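Per this note's numbering: the sequence shown = residues 2 to 285. Quick notes on the structure that follows.
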Amino acid sequence: MIPAAFAYHRPADIASAVGLLRRLGDEARVLAGGHSLIPMMKLRMAAIEHLVDLQDIAALRDIHIEGGAVTIGAMVTQAELIAHEGLARAAPILREAALQIADPQVRYMGTLGGNVANGDPGNDMPGLMQALGADFLLTGPDGQREVAARDFYEAAYMTAREDDEILTAVRFTALPGGYAYEKQKRKIGDYATAAAAVLIGKEGGRVSHASVAMTNLSDTPVWSEAAAAALSGTDCNAGAIRAATDAALADIDPTEDNRGPVEFKRHVAGIIITRAIQRAWSRA
Ligand SMILES: Cc1cc2nc3c(=O)[nH]c(=O)nc-3n(C[C@H](O)[C@H](O)[C@H](O)COP(=O)(O)OP(=O)(O)OC[C@H]3O[C@@H](n4cnc5c(N)ncnc54)[C@H](O)[C@@H]3O)c2cc1C
Numbered sequence: 002m003i004p005a006a007f008a009y010h011r012p013a014d015i016a017s018a019v020g021l022l023r024r025l026g027d028e029a030r031v032l033a034g035g036h037s038l039i040p041m042m043k044l045r046m047a048a049i050e051h052l053v054d055l056q057d058i059a060a061l062r063d064i065h066i067e068g069g070a071v072t073i074g075a076m077v078t079q080a081e082l083i084a085h086e087g088l089a090r091a092a093p094i095l096r097e098a099a100l101q102i103a104d105p106q107v108r109y110m111g112t113l114g115g116n117v118a119n120g121d122p123g124n125d126m127p128g129l130m131q132a133l134g135a136d137f138l139l140t141g142p143d144g145q146r147e148v149a150a151r152d153f154y155e156a157a158y159m160t161a162r163e164d165d166e167i168l169t170a171v172r173f174t175a176l177p178g179g180y181a182y183e184k185q186k187r188k189i190g191d192y193a194t195a196a197a198a199v200l201i202g203k204e205g206g207r208v209s210h211a212s213v214a215m216t217n218l219s220d221t222p223v224w225s226e227a228a229a230a231a232l233s234g235t236d237c238n239a240g241a242i243r244a245a246t247d248a249a250l251a252d253i254d255p256t257e258d259n260r261g262p263v264e265f266k267r268h269v270a271g272i273i274i275t276r277a278i279q280r281a282w283s284r285a
């Protein structure tokens, strides 16, 4: 289908984009890669009067790595995340997760900022950002603020971002250790039936730190503090992995949809979480 008519704006800097959002209010929406927004407009599930395209704002395309501190601009595409050698060294889980998003066409256009700002529980980056303990940088009419990814998601498609704020970057500290992003999907190009992001540090043969998060298993991404606690200090034996998987399963709340009934999703989630922990530990 063809979307309803809209006005198109292409600001050259963040201040102009924020000014447009403030002036146009509810009728305006930011456009990044357009691979979530444009389909919604074509299906007439979103009627937007003004699109504020961010593609000319060079400041949103930076990738900065200093020691373990990583900052990635909102307009960096998933393909750029995959291709960036510095990122692959600092936080290889980004490449592993991005490679499991859709197909190359979507990844060439879809941006990290659009993926995390959208609030779609099926998107992979929000879950990964929980695992990484990332912060999101937002700029609005009152200046810049930072919101922890773990506090950002309120419900499906509802986030802590105000309508006149732009998500400008994602920031996190990359810790050394093992990693895995495991995703089960019905076919190539599909969203997850269940996915898990796991990071594990190893010292003296034991788990020094762990982080476990999940995608598409609740109406927001889920970070399981209890799963990490079940692994910490153990040698990641089968019992510890079972306990961590059970703890993670206690934190999810999947609903039935065309990817299956709740019981099936819980079954798949258990397998995915266990595999992710095993693989992350094998790389630690
Ligand atoms: C066939 C297909 C399969 C897909 N499969 C997957 C998948 O398996 N996993 C997955 O994670 N994703 C998947 N996607 C989604 C894809 O990754 C999207 O590109 C991504 O979710 C949104 O990024 P975008 O840059 O296209 O954002 P857009 O579509 O441009 O924007 C999405 C929303 O976020 C808002 N927004 C965008 N950028 C900002 C910003 N910087 N600040 C504030 N608000 C902003 C927009 O206003 C809009 O509401 C799929 C898409 C398609 C078409």
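Built from N, CA and C at the ideal position, the CB exists for glycine as well. Everything numeric in this text was worked out from a predicted model, so none of it was measured.
Minimum C-alpha distance to residue i - residue among the options
i: residue 77; options: 70, 65 and 69; result: 65
i: residue 39; options: 208, 5 and 11; result: 5
i: residue 43; options: 82, 24, 2 and 109; result: 2
i: residue 49; options: 118, 193, 32 and 168; result: 32
i: residue 133; options: 253, 28, 16 and 197; result: 197
i: residue 87; options: 160, 67 and 159; result: 67
i: residue 246; options: 225, 261, 75 and 255; result: 225
i: residue 74; options: 115, 109 and 51; result: 115
i: residue 184; options: 274, 250, 119 and 34; result: 274
i: residue 12; options: 167, 263 and 83; result: 167
i: residue 59; options: 121, 244, 16 and 218; result: 16
i: residue 28; options: 276, 102, 165 and 216; result: 165
i: residue 131; options: 199, 280, 277 and 276; result: 199
i: residue 178; options: 22, 281, 20 and 10; result: 281
i: residue 71; options: 135, 218 and 278; result: 135
i: residue 158; options: 22, 117 and 257; result: 117
i: residue 253; options: 219, 259 and 285; result: 219
Buried or exposed by the 16-neighbour rule on C-beta atoms within 10 Å, applied to residue i
i: residue 283; result: exposed
i: residue 266; result: buried
i: residue 163; result: exposed
i: residue 201; result: buried
i: residue 180; result: buried
i: residue 81; result: buried
i: residue 126; result: buried
i: residue 215; result: buried
i: residue 24; result: exposed
i: residue 8; result: exposed
i: residue 217; result: buried
i: residue 251; result: exposed
i: residue 156; result: exposed
Cβ separation of residue i and residue j, assumed to be a contact under 8 Å, to the nearest whole Å
i: residue 271; j: residue 174; result: About 30 Å separates the two Cβ atoms, so there is no contact after all.
i: residue 327; j: residue 96; result: This structure gives no information on residue 327, because the portion of the chain shown stretches from 2 to 285.
i: residue 187; j: residue 138; result: The pair is not a contact, with the Cβ atoms about 35 Å apart (cut-off 8 Å).
i: residue 104; j: residue 34; result: Not really, about 13 Å apart at Cβ, beyond 8 Å.
i: residue 79; j: residue 111; result: 5 Å
Cα-Cα separation between residue i and residue j, rounded to whole angstroms
i: residue 222; j: residue 176; result: 21 Å
i: residue 94; j: residue 182; result: 6 Å
i: residue 170; j: residue 212; result: 22 Å
i: residue 26; j: residue 255; result: 34 Å
i: residue 128; j: residue 90; result: 20 Å
i: residue 228; j: residue 268; result: 17 Å
i: residue 41; j: residue 47; result: 5 Å
i: residue 194; j: residue 161; result: 25 Å
i: residue 18; j: residue 243; result: 48 Å
i: residue 107; j: residue 36; result: 7 Å
i: residue 142; j: residue 14; result: 14 Å
i: residue 262; j: residue 123; result: 16 Å
i: residue 203; j: residue 45; result: 50 Å
i: residue 249; j: residue 277; result: 12 Å
i: residue 85; j: residue 21; result: 32 Å
i: residue 101; j: residue 192; result: 9 Å
i: residue 279; j: residue 99; result: 20 Å
i: residue 258; j: residue 10; result: 37 Å
i: residue 109; j: residue 30; result: 21 Å
i: residue 264; j: residue 51; result: 42 Å
Interface flag, residue i vs chain B, CB-CB below 8 Å
i: residue 54; result: Among the chains in the structure shown there is no chain B, since it carries only a single protein chain.
- Please confirm if the stretch 223-240 is in contact with the stretch 200-212, defined as three or more CB-CB distances below 8 Å between the two stretches. yes
- Does the pairing of the stretch 146-157 with the stretch 55-64 give three or more beta-carbon distances under 8 Å? Segment contact: the stretch 146-157 against the stretch 55-64, fewer than three CB-CB distances shorter than 8 Å; contact not assigned.
- Count the CB pairs spanning the stretch 238-249 and the stretch 141-148 that are closer than 8 Å, and state whether there are at least three. Verdict: no, contact absent.
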